[in-house]
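The structure appears below as structure tokens.
In the numbering used here, the protein residues as written are 382 to 786.
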């Protein structure tokens, strides 16, 4: 089988400063970094001439069934579109995500069990998209604005975008049903906040704990939408694996995150798009001022932060995923190399894949060729003309002909 040689690359492997090296891909894996040897007849050779070679990124919060939805009608998408339409849209969105440089991703909720279906389609070679950790319905309780809003399907138990549960036993039953359907991660809306009104019902601790205990017994994980200090603590106490948003993270909670090993997705990009829709400019600035302190402390303490946001809205369509990254560098003040680590090394850890996230011999060849150095200007990653190649498992999934010699 022909190998692929990337010569004279600026290797930016998700945690270390760029270094000049050659990289060889043999089959689906990286076979050499540094001493590449000589190409044989039939090998593909790309002289990157100092362009960057970095790991494929991880979209840590994917809603592939959301397609250019108005935020006000988001939760009614399953009533307006039948399953075949949603399926085609999800496959299209998966390809857009892959082309944007995100070769892996973790679901955060969708309808018609589409993450599970799409994962199988990709495995069977019938669709192209990220490696998927499949999520199913969103779960919450009566009175929660994100799930109880003009959507009767939620109450019927049909294939809606989510399900309303009340009491530990209802959550246990629903988790088991999702596990039976092949879901790998459960999403719960513990409370409002972060784009959702705060004056909504909160899940009780015994409901959170029942969800987590049952999911872990089924061999699957739980992620939770939460913003407040109190509810973050309840989620960590119950053993939630991934916390989405965690806006009121403080020193005590940071310490608990490190102890528990749970992942955090700040997902701040969409807050920059929703001024005047879900919050005021003043609200956003207040949240960001808090984040400048809390995220810097979290990085220093070693909290496992990951990128990912609510793409699929009119304001933030799929394929724009990398636009999130510059919010952390330009607005919050996190170094670019650290944010790249969130999107690669930490993302791979959240995928539970030790064969992804860095450029090392034996790792899967999920690689990006970038025209420029994103560790110096991370906005390059949001410029699709700068993504010269996307490789997944040693296969070129997207490239720009003629731009690589």
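All residues carry an ideal CB built from backbone N, CA and C; glycine is no exception. Every value quoted in this text rests on a predicted model; they were computed, and no experiment measured them.
Since residue 652 contacts residue 625 with CB under 8 Å, what's their CB separation in whole angstroms?
Not a contact, Cβ separation roughly 13 Å.
Roughly how many angstroms separate the alpha carbons of residue 501 and residue 473, rounded to a whole number?
Using only the alpha carbons, I get a separation of about 15 Å.
Can you have a look at residue 436 and say buried or exposed, based on whether 16 or more other CB atoms are within 10 angstroms of its CB?
Looking at its Cβ environment, which holds 16 or more other Cβ atoms inside 10 Å, residue 436 is buried.
Do we get a CB-CB distance below 8 Å when we pair residue 615 with the residues of chain C?
Of the protein chains in this structure there is only one, and it is not chain C.
Does the structure place the segment 683-693 close enough to the segment 598-614 that three or more beta carbon pairs sit under 8 Å?
These segments do not touch.
So for residue 389, helix, strand or coil by DSSP?
Of the three classes helix, strand and coil, the one that applies to residue 389 here is strand, per DSSP.
Quick one: residues in its chain with C-beta nearer than 7 Å to the C-beta of residue 673, no 5 flanking neighbours on either side, listed in chain order?
The residues are 713, 714.
Kindly provide the ranges of any alpha helix (DSSP H) runs that are 4 or more residues long and lie completely inside the segment 456-528, ordered along the chain.
Entirely contained in the segment 456-528, the alpha helix (DSSP H) runs reaching 4 residues are, in chain order, 458-461, 464-480, 495-504.
Report the residue from 400, 742, 543 whose alpha carbon sits nearest the alpha carbon of residue 446.
Of the listed residues, the one whose Cα sits closest to residue 446 is 543.
Helix, strand or coil for residue 660 per DSSP?
DSSP places residue 660 in strand when its eight states are reduced to three.
If you reduce the DSSP assignment to three classes, tell me which class residue 692 lands in.
Of the three classes helix, strand and coil, the one that applies to residue 692 here is coil, per DSSP.
Would you give the residue range spanned by the beta strand (DSSP E) that residue 606 belongs to?
602-607 is the span of the beta strand (DSSP E), which, as asked, contains residue 606.
CA-CA distance, residue 778 and residue 479?
Going from the Cα of residue 778 to the Cα of residue 479 covers about 8 Å.
Is it true that the segment 417-434 meets the segment 742-751, where meeting means three or more beta-carbon pairs spaced less than 8 Å apart?
Touching, yes.
Spatial neighbours of residue 615 within its chain, please: CB distance less than 7 Å, with the 5 preceding and 5 following residues excluded, ordered by chain position.
Result list for residue 615: 586, 589, in chain order.
With burial defined as no fewer than 16 other Cβ atoms inside 10 Å of the residue's Cβ, what is the status of residue 536: buried or exposed?
Bear in mind that the predicted position of residue 536 carries a pLDDT of just 46, short of 50, making it too unreliable to give a figure here.
Please report the straight-line C-alpha distance between residue 669 and residue 731, rounded to a whole angstrom.
About 25 Å.
At a cut of 8 Å, does the segment 415-432 reach the segment 460-471 through at least three beta carbon pairs?
Touching, no, given that fewer than three Cβ pairs across the two stretches are closer than 8 Å.
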